[in-house]
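I have placed the structure first, in the form of structure tokens, so that the comments after it can refer back to it.
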Amino acid sequence: MSETESKYVPLDNAADIEEALKATDSPVVVKFWATWCGPCKQQAPRMEELAAASPKVKYYSVRADDLLDVCRVLGVTNVPTIFAIRQGGQKVAFSGAMAANQLSVWLKRLDEVLPA
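If you read the sequence shown in the working numbering, its first letter stands for residue 240, the second for the next number, and so on.
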């Protein structure tokens, strides 16, 4: 899937991130990535597949090297980092490389780890 077809909506600044989290009652997944990050590139195709299979979840991406100040405030210290967030602030995060099967299980269990 090309970047133009991505299920992940890019967030370009702190205001976009805040607005994305306010805009929905659905779970939100935010991936923090960088162009130079090997694990980010490795897990990107699997994350796209999972996003396509989970239409109730809203997906966003943040290019971490463009928003270092925002990453610091949010506690993102390395990439890839994935946040799963519900409106109201409940958050589960995973940092570092994740095997495809781990990623699949983690994203499919959003309703369990982030109860409504």
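By construction, the Cβ of each residue, glycine as well, lies at the ideal position given by its N, Cα and C atoms.
- Of the residues assessed, T320 falls on the buried side of the cut-off, its CB having 16 or more other CB atoms within 10 angstroms.
- Per DSSP, K330 is one residue of the beta strand (DSSP E) stretching across 330-334.
- DSSP places K261 within a helical segment (H, G or I) once states are collapsed to three.
- Here DSSP, grouped into helix, strand and coil, assigns S245 to coil.
- Sequence-distant partners of W272 (beyond 5 residues in either direction) whose C-beta falls short of 7 angstroms from its own C-beta, in its chain, are C279, S300, R302, A303, V318, P319.
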